[in-house]
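Using our numbering, the final residue of the sequence shown is 110, and nothing's skipped along the way.
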Amino acid sequence: MKPHRPATFTIAFPVGRGHPTPQAMLARNERDRHLREAAQFFPYASDREAARQLRKALLTYRAGAWRRDQSEALCPVRYAGTVKAALWKTLKSRDRVPGDRLIRAVLART
């Protein structure tokens, strides 16, 4: 008689070329959460207008202050409660500026 083995549960992710890794999926989810947080600073804008303004702010921040701030482990205190804090978190999770269409899609999922 064989000894009883407890059931094991595994989560299978598609592996291989063309499939994102679990780390990439988590980074995207985190980026999306921070984009939604940044959109709260544009309460009366439509998703299209908020996406346009967010992308413009991300591009401006990445070209300027991000060069100094990217080495910080925590968000700089001077950005607390501002849109720059959400921009810093967005770029810290994925150091890329998403396009308007992607930002609109993220904001539409809220």
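Heads up, the beta-carbon is just placed ideally off N, CA and C, and yes, glycines get one too.
Beta-carbon proximity list for residue i, same chain, < 7 Å, skipping 5 on both sides
{"i": "Lys89", "result": "His34, Cys75"}
{"i": "Ala108", "result": "Asp47"}
When the options are compared against residue i, the one with the closest alpha-carbon
{"i": "Ala57", "options": "Ala86, Lys92, Ala105", "result": "Ala86"}
{"i": "Arg104", "options": "Glu30, Val15, Arg96, Arg48", "result": "Arg48"}
{"i": "Lys92", "options": "Arg17, Leu26, Gly18, Ala108", "result": "Leu26"}
{"i": "Trp66", "options": "Arg96, Gly18, Phe42, Arg109", "result": "Arg96"}
{"i": "Gly81", "options": "Ala73, Ser46, Phe41", "result": "Phe41"}
Expected contact under 8 Å - CB spacing of residue i and residue j to nearest Å
{"i": "Leu59", "j": "Ala39", "result": "At roughly 16 Å, the Cβ-Cβ gap does not stay under 8 Å, so Leu59 and Ala39 are not in contact."}
{"i": "Arg28", "j": "Arg94", "result": "7 Å"}
{"i": "Val106", "j": "Asp32", "result": "5 Å"}
{"i": "Arg36", "j": "Thr110", "result": "5 Å"}
Residue i burial status per 10 Å Cβ neighbour count (16 or more: buried)
{"i": "Ala50", "result": "buried"}
{"i": "Val15", "result": "exposed"}
{"i": "Pro98", "result": "buried"}
{"i": "Asp100", "result": "exposed"}
{"i": "Tyr61", "result": "buried"}
Cβ neighbours of residue i in the same chain (closer than 6 Å, five flanking residues each side left out)
{"i": "Glu30", "result": "Ser93"}
{"i": "Ala45", "result": "none"}
Close beta carbons around residue i, own chain, < 8 Å, minus the five adjacent residues each side
{"i": "Pro20", "result": "Arg28"}
TODO: Go through the region 84-108 residue by residue and report every complete run of the alpha helix (DSSP H) that reaches 4 residues or more, in order.
DONE: 100-108
- [ ] Counting only runs of 4+ residues fully inside the region 13-77, write out the alpha helix (DSSP H) ranges in chain order.
- [x] 22-39, 47-63, 66-69
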